Structure formats: structure tokens, C-alpha cells
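Shown next, in C-alpha cells, is the structure this report addresses.
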Amino acid sequence: MMLQHGSTQLLCLTASSGVPLFTRGASKQLPFSVIGSLNGVHMFGGGQGVVLSSCETEGGGKVVWRVFQDSVMLIIVSGGGQDGAGDIKEEEVRLQRLLENVWSCMVLVLGQDELTNVRNVERLKRDLRSCFSLIDQLLEDRQQGVLGNLTHCVDSLLPPNPTLLQEALDSFAQAADSEFGCLIVHGRIAAATEKWWRLAPQEVVLLSALIRSLTASGSASCDYPVFLPHGSPTVAHRLLRFQLLPGADVCVLCGPTPSLHSAESGMVGRFWTPLVETLRDCLAVGEHSLPKSVSLHPDVLALLLINRETRRSVSCVRTSTNRPLGDPPLPSKARCWEILKLFYIFSTTRYFNQEETLCVSPEERAQRGNTEDFICGFSHQPLQCYLVTEECKSYGLQTPQHQLFVLAPLSVPTFALRGVATQTLSDIVAGTGF
Amino acid sequence: MAQVLPSSGSIIVADWHRCKDSKEYFNKILHKKRRKNFGLLESPVMPPHVAVDTVHYKIFLSGKSGVGKTALAARLAGSNIPNMHYETTGIETTVVHWPVKLRENGRVFFFRLQLWDCGENALRRFDHLLPACKEQVDAVLFLFSFTDRTSFDDLSNQIAKWTGAPVGRVVKLVVGTKFDLFMHCDVAERDVTNFQETWSVPVLRVGGEVSDGLGDVAPLLNCLAEHLWHQDCVTAGSTRHHSQQETATVL
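First to last, the protein sequences are chains A and B.
So that you can map any letter, position 335 of the first sequence is 335 in UniProt numbering, and since no number is skipped, the others follow by simple counting.
So that you can map any letter, position 128 of the second sequence is 128 in UniProt numbering, and since no number is skipped, the others follow by simple counting.
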């Protein structure tokens with residue numbers, strides 16, 4: 001056993017020479033000899049024409065290797081036995097996703113050139129430190145209610161007054177000479193310009209993560225150079241972010257103009273002061289993500305709804321549902337978020353299609369083949385699935401446009417789950433047009 | 001040219017936050033005994049009969065990587081100080097609202113101090129960041145860490161960069177961070193005194209536990225406010241002027 005149970009450690013080395021660039025995560029670092037061996041065994045495989053992609057340890061641990069752009073090798077080591085983590089397959093999906101996200105966030109902060117044309121390793125080491133804040137956020141993944149890192153469908157919030165916000169955002173972005181703008185409320189996208197949605201899904205998710213970390217610091221505005229891992233990996237854009245109200249931020253991606261100072265003094269007040277009340281209504285939606293006009297079925301404990309076309313998702317965990325005495329206790333809020341993630345991985349690895357990820361090459365996809373077990377055995381595509389555990393019941397369904405994952409208390413009869421799920425889907429879609 | 005500096009407490013009432021008559025003003029920047037976080041669309045609002053003017057200032061935080069620029073901004077704004085050091089990879093600004101009473105005529109102003117913080121590595125990697133920080137700047141806080149001698153030795157270089165024609169008139173203050181870590185102190189009191197005499201720039205000290213009160217930030221904010229006000233007076237030749245001065249609209 002290399003690591004403590006439940007901890008994850010990330011190693012980054014140069015792909016060609018195996019020089020360690022950094023390690024993150026886990027309080028106790030792996031000894032240098034272990035890091036060397038992990039790199040060595042991968043290199044040995046390479047010499048024999050074999051790509052070593054992952055392995056399991058006897059204690060339930062897992063190691064995943066990935067080389068990006070022939071320049072950087074990322075190795076992730078998980079201690080296994082993470083609280084409630086499903087079997088080893090779920091863990092692998094989680095780790096693969098994590099590696100993709102870590103690489104993309106390195107590109108986001110430093111740009112691809114700096115990572116692929118390494119002239120001075122010491123300098124690269126120093127520059128890589130600027131990625132640690134985001135990488136640690138991805139590794140810890142503690143933020144409740146954020147599933148986009150996993151699903152690559154951006155966490156959204158459906159505001160009660162979408163048209164007003166959309167108009168304000170469009171004109172604000174236009175005034176800032178930008179086609180890319182978004183309004184983030186409680187860390188979720190409440191409105192975005194058309195072009196923002198045309199960014200690669202992973203970029204939208206990572207930009208949201210970056211904006212969340214900037215929001216957490218309580219700063220009023222930011223001017224951050226960012227590279228877009230898919231759209232612009234070698235030329236930096238400027239991400240301007242303004243905290244309109246605590247919890248509500250507007251962002252635009254710009255070129256050289258306008259300056260932060262002029263955008264802030266000349267545009268923020270002009271476009272957004274008339275909307276203060278609308279923004280407050282939007283903040284009141286809170287972590288439910290859905291406007292009050294949508295009434296959910298009382299048996300829904302938690303839900304994740306994905307729009308497969310727009311690559312957006314809404315999710316919520318309900319705090320208190322009236323529960324008759326004598327019923328088994330409901331899982332805590334934090335636990336519900338955890339189960340929702342696990343059920344998503346469970347369903348998408350076994351039955352449903354996981355939405356395509358742009359950063360995975362076709363060869364790699366074939367190599368990994370998450371859904372292979374089921375797909376190989378059956379000629380049809382499953383539409384619904386359910387899972388009953390000691391804690392709650394889970395139901396998933398997919399249509400050409402949506403995927404819905406619902407958690408319900410154990411007291412709900414299993415045969416009623418399908419009704420609850422289909423009704424929830426139609427209620428939300430009818431009420432919000434999501 | 002050596003600046004003529006106001007002596008502490010000569011222009012504004014020092015320790016005003018301890019006086020009874022300041023309560024109603026300081027209450028506006030507090031929420032449940034903690035500092036209130038204002039969005040850009042918000043500001044402290046006084047009742048209609050007490051109209052208070054707000055004066056806006058832009059302050060740049062300068063200092064080498066890891067010296068504590070982000071932590072200082074968080075401390076002055078009363079927000080959570082990050083418990084881990086991460087590089088700031090772009091510009092982050094933090095707004096501090098601070099009520100100030102003038103000694104001369106008893107007038108009260110809200111100072112809106114916008115602190116501009118940008119990581120040293122980002123400044124080096126991207127050319128456009130420093131000009132953005134310098135645009136219309138009113139003051140620079142030069143930071144050094146008491147636990148890092150090189151950051152202290154570098155101060156004169158830093159200050160020199162901000163002296164001379166292209167920059168115009170800016171208030172300059174030096175802030176020593178991590179003053180509480182005396183076990184690791186690398187900068188002697190004597191050196192600080194010498195420095196202060198040579199450059200005639202005030203040196204302030206911060207560090208240690210953050211209390212909920214206003215006491216630990218008041219000396220620095222008042223000193224900064226005093227110098228900013230003094231500079232405005234010198235520039236304008238009168239006591240009542242600021243280019244961005246605006247009357248707080250009271251609903």
C-alpha cells in the first residue's frame with residue numbers, strides 16, 4: 001500500500017527524461033524511489049511497445065499514467081477505499097477525468113508552448129507553481145454541488161428572469177468588445193453569450209472552476225491571462241471578472257482592450273445597476289439551481305439533469321423533505337452529492353453513453369472503452385436504470401436530449417421510481433425550457 | 001526629491017474607530033461583527049440626513065513573490081486570509097471601504113480604497129499587466145517580509161522604479177509583513193529605522209492573528225488615508241478636491 005486510504009496524489013514529470021516537476025495532494029509525499037519506479041515501469045513498457053495506462057494494487061489502490069503531447073507525464077496514485085467510492089472501475093473513471101482536467105488547467109494557465117517546448121526545466125518548475133491553486137481545487141473536489149469537473153457539462157443555475165439577464169449580459173459583453181461573456185451565480189452559470197456556449201465543454205467547466213476560485217477570495221475584480229486548451233492553446237486571452245454582488249460575478253474574455261480599470265469604472269455600473277433587484281432574485285434561487293416556479297416531486301431527494309445538446313447541467317440536493325417517523329434516516333446533504341456522483345459514474349460506465357470528451361483521442365477512447373462490457377453483450381441502448389442501496393434508491397433515464405439522475409428515499413416503492421423520474425424530467429423541462 | 005510628509009494624526013482623527021461618534025459609520029462596513037463584503041454595485045449607505053461623500057483611490061501592492069500581497073489585501077478587507085500560499089496569476093483587486101474623519105473641520109468621508117494585487121511571476125510573463133496596474137494609480141504599498149532579508153534589500157530598487165516623471169505623483173508607503181514571526185526575523189529594527197531615514201518613507205508593520213475588530217487594520221488604513229488626502233491637497237492646492245470625488249447618492 002503506497003498511500004493512505006482515501007488520499008490521492010498527483011505526480012508530474014517530464015515525459016522524455018523523467019525529471020520530477022511537481023507533486024500535489026496527500027499530506028505524506030511518496031518517497032522519491034517510488035516516484036522513480038512508477039516512471040521507470042512506464043518507460044520500460046514504452047521500450048517494449050506497450051503503453052501502460054493503469055494498474056491496481058492489492059490494497060485497492062490505483063495508479064493511472066498519462067502522457068500529454070509527448071512532453072509531460074502525469075501519474076495519479078489513489079490510496080483506494082475512498083469513503084463510499086464504488087468499485088475500482090468507478091475510481092478509474094474519476095482518475096482519468098482528473099488527469100484530463102489537470103493537464104487542461106496547466107494549459108489554461110501557462111499555455112501549450114511553455115509545456116511542450118521545455119528549454120529550461122528549472123524555469124518550468126517555477127512557472128508551474130501558478131497552476132497549484134486550480135490543481136489543488138480539482139484534487140480536493142470538496143465543493144458541494146459542483147459536478148461539472150466530472151460530467152464536463154457545466155453546472156448551471158436557471159434564473160427566474162432569464163431574458164433580462166441575458167440582454168444585460170449581451171450588451172455588457174458587446175461594450176467590452178467581447179463575444180464571450182457569462183454571469184455566474186453561486187458558482188454556476190446563470191447566463192452566457194451564445195459564443196460562450198460554443199467553447200469546448202471542458203473549457204467552459206475549467207473557466208467556471210477558475211472563476212469560482214477567484215470568487216472565493218472575495219476580490220472585487222480580476223484581470224487574468226488565460227489560454228483556452230482547445231480554442232487558443234498558444235495565445236492568451238484576458239479573463240475579466242467583476243463581482244457585482246457577493247455571490248454574483250460577471251466575466252468576459254477579451255483581447256488587449258478594454259483595460260480592467262476602464263471596464264470597471266465605465267461599464268459595470270452602467271449595465272448592471274438597473275438589474276440589482278433581478279440579480280438578488282437570482283441569488284435567492286440559491287443552491288437549488290431551479291426557480292421556485294418549478295415544484296419538484298416530494299419524493300425527489302436529489303437530482304442531476306444533463307442537457308446532452310447544450311452540455312449543461314442542473315443539480316440540487318433538497319435539505320428537508322417531510323419524512324414520516326419510523327422511516328430510515330436520510331443520507332446527509334454532503335452524502336447525497338457524493339452518491340449522485342457515484343451513481344452518475346455507475347450509470348455512464350455501465351449503461352448510458354458518457355458524453356464525448358474532446359480531449360481524448362480516438363485511440364485512447366478505444367483503449368479505455370468504459371461502456372464496452374455492456375455494449376459488447378447487447379445490441380440495444382439502455383434507456384433507464386436503477387440501483388437500490390442501503391442508503392437510498394437511485395434512478396437514471398436518458399432521452400435523445402437529456403440524462404436525468406434522481407435519488408429517492410428508501411421509503412419510495414421501487415416500482416414508483418420510474419414515475420417520479422419521468423415526472424421530474426417533464427416538470428423541469430416544461431417549467432424552464434432547459 | 002524628498003516628500004514632505006504629514007505627521008501621523010495631523011490631518012485625520014487617529015483611532016477614530018474607538019470613538020463613540022464613529023459607531024454609526026463603522027456599523028455600515030460591518031455585518032454580524034465581521035467586515036461586510038460589498039459587490040461593485042454596492043457601497044455603504046448612510047441615512048438621508050447624514051450625506052457622506054465617497055472618495056475613490058487606486059492602490060498598487062508591490063513586492064516579490066510570497067511576500068504576502070494577497071494576504072495583506074485580504075487582511076485589510078477583513079476577508080478570509082488564505083491559509084496556503086498560491087501565486088496570484090493575474091491582477092486581483094480588492095475594495096476596502098473605510099470611514100475617515102478630518103481633524104480640521106470634522107467632516108467625514110468614506111474612503112474607497114481599491115487594492116491592486118498582481119503576482120510577480122505573472123507581471124514578468126505578461127507585459128500588459130504592469131501598465132494596467134499603473135494606470136491612474138494613487139498610491140503604492142511596497143511590501144517586504146520580516147522573514148525574508150532579500151525582500152527588504154530589494155525595496156530601494158522597487159521604490160526607484162516608481163520615482164520620476166512618467167509615474168507622476170503617487171503616495172509611497174512601505175509595509176513589513178509577517179512581523180509576528182520574530183523567531184524567524186531576518187530584518188533588524190535598526191535596519192528599518194535607517195531605511196526610514198534614508199528614504200523618508202513611512203514603514204508600517206503587519207502580522208499575527210487577525211482579530212475580528214478593526215484595531216489591527218486601523219493604523220495602516222488611517223495612515224494610507226492621511227497620505228492620500230495630503231497628496232490630494234498638495235495637488236489641488238485646496239482641501240476639497242478629488243477628480244473622482246462623487247457624492248454618495250442616498251436613496
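For glycine and all other residues, C-beta sits at the position ideal for the given N, C-alpha and C.
Nothing here was measured: the structure is a model prediction, and the numbers come from that model.
Item                                                                                                                                                                            : Value
Report the residue ranges of all alpha helix (DSSP H) runs contained in full by the region 114-189 of chain B; include only those spanning at least 4 residues, in chain order. : 120-125, 129-134, 149-153, 155-161
Does DSSP put A:PRO233 in a helix, a strand or coil?                                                                                                                            : strand
Can you give the beta carbon distance from B:LEU76 to B:LEU115, rounded, assuming they're within the 8 Å contact cut?                                                           : 7 Å
Establish whether the CB of B:ALA139 and some CB of chain A are separated by less than 9 Å.                                                                                     : no
If we cut at 9 Å on Cβ distances, does A:VAL235 have a partner in chain B?                                                                                                      : no
Where A:VAL77 and A:TRP103 are concerned, what is the direct C-alpha to C-alpha distance, given to the nearest angstrom?                                                        : 16 Å
With a threshold of 9 Å between beta carbons, is B:TYR57 in contact with chain A?                                                                                               : no
Using C-beta distances below 7 Å, list every residue in its chain close to A:HIS402, excluding the 5 sequence neighbours before and after it, in chain order.                   : LEU305, ILE306, ASN307, ARG308, LEU425
For A:GLN96, which beta-bridge partners are listed by DSSP?                                                                                                                     : BP columns for A:GLN96 are empty, so no partner.
For B:ASN83, tell me which candidate among A:LYS28, A:SER217, A:VAL412, A:GLU391 has the shortest Cα-Cα distance.                                                               : A:SER217
DSSP has A:GLU56 in a bridge; who is on the other side?                                                                                                                         : A:LYS62
Assuming A:LYS136 is part of the alpha helix (DSSP H), what are its boundary residues?                                                                                          : Per the sequence shown, residue 136 of chain A should be read as Asp rather than Lys. Looking at the DSSP string, the run of the alpha helix (DSSP H) that includes A:ASP136 is 132-140.
So for A:VAL317, helix, strand or coil by DSSP?                                                                                                                                 : strand
In its own chain, which residues sit with a C-beta less than 6 Å from the C-beta of A:LYS333, not counting the 5 before and 5 after it?                                         : VAL317
Using a C-beta cutoff of 9 Å, does A:THR357 count as contacting chain B?                                                                                                        : Caution is warranted here: a pLDDT of 42 is assigned to A:THR357, below 50, making its placement in the model unreliable, and the coordinate value is therefore given only provisionally. No, A:THR357 does not count as interfacial toward chain B.
Could you tell me whether the Cβ atoms of B:ALA71 and B:ILE91 are closer together than 9 Å?                                                                                     : no
How would you list, in chain order, the residues of chain A whose beta-carbon sits under 9 Å from the beta-carbon of B:THR193?                                                  : None at all; the shortest Cβ gap to chain A is about 34 Å.
Taking three-plus beta-carbon pairs below 8 Å as touching, is the region 87-105 of chain B in contact with the region 146-157 of chain B?                                       : no
In chain order, what residues of the same chain lie with their CB nearer than 6 Å to the CB of A:ALA85, ignoring the 5 residues before and after it?                            : Here the model assigns A:ALA85 a pLDDT of 45, short of 50, so the residue's position is not dependable and the matter cannot be decided.
For A:ARG212, I'd like the list of residues in its chain whose CB is within less than 6 Å of its CB, leaving aside the five on either flank, ordered along the chain.           : GLY187
Excluding the 5 residues preceding and the 5 following A:ALA173 in the sequence, name in chain order all residues of the same chain whose CB lies nearer than 8 Å to its CB.    : GLU179, PHE180, GLY181, THR193, VAL252
Can you tell me which of the three DSSP states A:ILE35 falls into?                                                                                                              : helix
Evaluate A:ALA168 with the Cβ neighbour count: other Cβ atoms within 10 Å of its Cβ, from every protein chain shown; 16 or more gives buried, anything less gives exposed.      : buried
Contact defined as beta carbons within less than 8 Å: I believe residue 510 of chain A pairs with A:LEU147. What is the distance between those atoms, to the nearest angstrom?  : With chain A running from 1 to 434 in the structure shown, residue 510 of chain A is simply not present.
Rounded to the nearest angstrom, what separates A:VAL276 and B:ALA225 at their Cα positions?                                                                                    : 30 Å
So, for A:ALA249: in the same chain, excluding its five sequence neighbours on each side, which residues have a beta-carbon less than 7 Å away from its beta-carbon?            : It is worth fixing the name first, because residue 249 of chain A is Asp in this sequence and not Ala. So the qualifying residues of the chain are ILE184, ILE211, THR215, ARG241, PHE242, GLN243.
Does DSSP put B:ARG34 in a helix, a strand or coil?                                                                                                                             : strand
Leaving out five residues before and five after B:ALA2 in sequence, what residues of the same chain have Cβ atoms less than 6 Å from its Cβ?                                    : Only weak support exists for where B:ALA2 lies, its pLDDT of 43 falling under 50; the value from the coordinates is given anyway. Once the five neighbours on either side are set aside, the close Cβ partners of B:ALA2 are SER200.
Hey, how far is the Cα of B:GLU24 from the Cα of B:ALA139?                                                                                                                      : 28 Å
Beta-carbon separation of A:LEU128 and A:PHE32 under 9 Å?                                                                                                                       : no
Count the other CB atoms within 10 Å of the CB of A:THR273; is the residue buried (16 or more) or exposed (fewer)?                                                              : exposed
Can you list, in chain order, the residues of its chain whose CB lies under 6 Å from that of A:TRP196, leaving out five sequence neighbours each side?                          : PHE180, CYS182
Of all Cβ atoms in chain A, is any one closer than 9 Å to the Cβ of B:VAL95?                                                                                                    : yes
Where A:LEU98 and A:GLN69 are concerned, what is the direct C-alpha to C-alpha distance, given to the nearest angstrom?                                                         : 17 Å
Helix or strand or just coil, what does DSSP make of A:ASP223?                                                                                                                  : strand
So who's on the other strand from A:GLN69, going by DSSP bridges?                                                                                                               : Paired residue(s): none; A:GLN69 is not in a bridge.
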